[in-house]
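S.K.: Quick one: the structure is below, and I'll ask about it shortly.
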Ligand code: GAR
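Numbering (this note's numbering), first residue to last: 289 to 494.
Written out as structure tokens, the structure reads:
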């Protein structure tokens, strides 16, 4: 029998990438995985409402006002409680330490709204990435799904898709186009690919 990989989606905001994953699960294209937990680093974000709307458990593990160690200890506890196999960072804006990342080798995946290695690393997140691309005047941007290692935005690249920049673009318009044409397509594809690998590894061990 197929064992589906258990997915936790980590969020900090609106959660449109989470929505893309939930929809792909409902449409049957996430056939090797199951979203078992949505975990937010901030209380009250819309991503938690999305999780509730789809009947997926939501949790808040706050980053603000505490040490990195305490934050990650609570996060780890939640992930173990839900027996998570794969962690998906979908607009998760808190930094994870090298120690934490080493505990989940090849099991953390991130979506970034540029063509890595452009416009990535420290300080590049959300709208800032698109502001930087427009300021520099590049004509093509895109999105990247990559594994997470100790180096910010440094892990192995799984999927990338290019998106055209148009003359009248604002950061907001560009962000929306990158989401529609790249992020919401790539992330579910990459997550299914990883879940398939994980469930096949599990099957060969049992
Ligand atoms: C997305 O564009 C995602 O790629 C980006 O934050 C946005 C979250 O939107 N992530 C990063 O910049 C990570 N460095 P969402 O909450 O609607 O999915």
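Yeah, the Cβ is synthetic: ideal placement off N, Cα and C, and Gly gets one too. Given the structure is predicted, the values throughout are model-derived calculations rather than measurements.
On the CB-based measure, 16 or more other CB atoms within 10 Å of its CB, does residue 452 come out buried or exposed?
M.R.: Under this definition residue 452 is an exposed residue.
S.K.: Would the beta-carbon of residue 412 be found less than 7 Å away from any heavy atom of ligand 3?
M.R.: This structure lacks ligand 3; its bound ligands are ligand 1.
S.K.: Classify residue 489 as buried or exposed, calling it buried when 16 or more other Cβ atoms lie within 10 Å of its own Cβ.
M.R.: So residue 489 ends up on the exposed side.
S.K.: With DSSP as the reference, please indicate the residues paired to residue 301 in a beta bridge.
M.R.: DSSP output for residue 301 lists no bridge partner at all.
S.K.: State buried or exposed for residue 294, treating a residue as buried only when at least 16 other CB atoms are found within 10 Å of its CB.
M.R.: Classification for residue 294: buried.
S.K.: Would you identify the three-state DSSP class for residue 346, choosing helix, strand or coil?
M.R.: Reduced to three states, the DSSP call for residue 346 is strand.
S.K.: Which of the three DSSP states, helix, strand or coil, is assigned to residue 341?
M.R.: Helix at residue 341.
S.K.: Buried or exposed for residue 383, please, with buried defined as at least 16 other CB atoms from any protein chain shown within 10 angstroms of its CB.
M.R.: When all chains shown are included, residue 383 counts as exposed.
S.K.: How many angstroms separate the CA atom of residue 349 from the CA atom of residue 400?
M.R.: Computed Cα separation, rounded: 22 Å.
S.K.: Apart from the five residues on each side of it in sequence, which residues of its chain come closer than 7 Å, Cβ to Cβ, to residue 465?
M.R.: Contacts found: 451.
S.K.: What are the uninterrupted segments assigned as beta strand (DSSP E) that are 3 or more residues long and contained completely in the stretch 358–392, given in chain order?
M.R.: Qualifying beta strand (DSSP E) stretches, in chain order: 374–377.
S.K.: Is the Cβ-Cβ distance between residue 363 and residue 408 less than 8 Å?
M.R.: Contact: no.
S.K.: Just the C-alpha distance for residue 431 and residue 471, rounded to the nearest angstrom, thanks.
M.R.: Taking the straight line joining both Cα atoms gives about 6 Å.
S.K.: Which whole-angstrom value describes the C-beta separation of residue 229 and residue 351, a residue pair presumed to lie in contact below a C-beta threshold of 8 Å?
M.R.: What is shown of the chain runs 289 to 494, which leaves residue 229 out entirely.
S.K.: Might you give, ordered along the chain, the residues of its own chain that have their beta carbon closer than 6 Å to the beta carbon of residue 291, omitting 5 neighbours on each side?
M.R.: Once the five neighbours on either side are set aside, the close Cβ partners of residue 291 are 487 and 490.
S.K.: Going by DSSP, which residues form a beta bridge with residue 477?
M.R.: Answer is none; residue 477 lacks a bridge partner.
S.K.: Of the choices 467, 415 and 483, whose alpha-carbon is the least far from that of residue 308?
M.R.: Minimum Cα distance to residue 308 is reached at 467.
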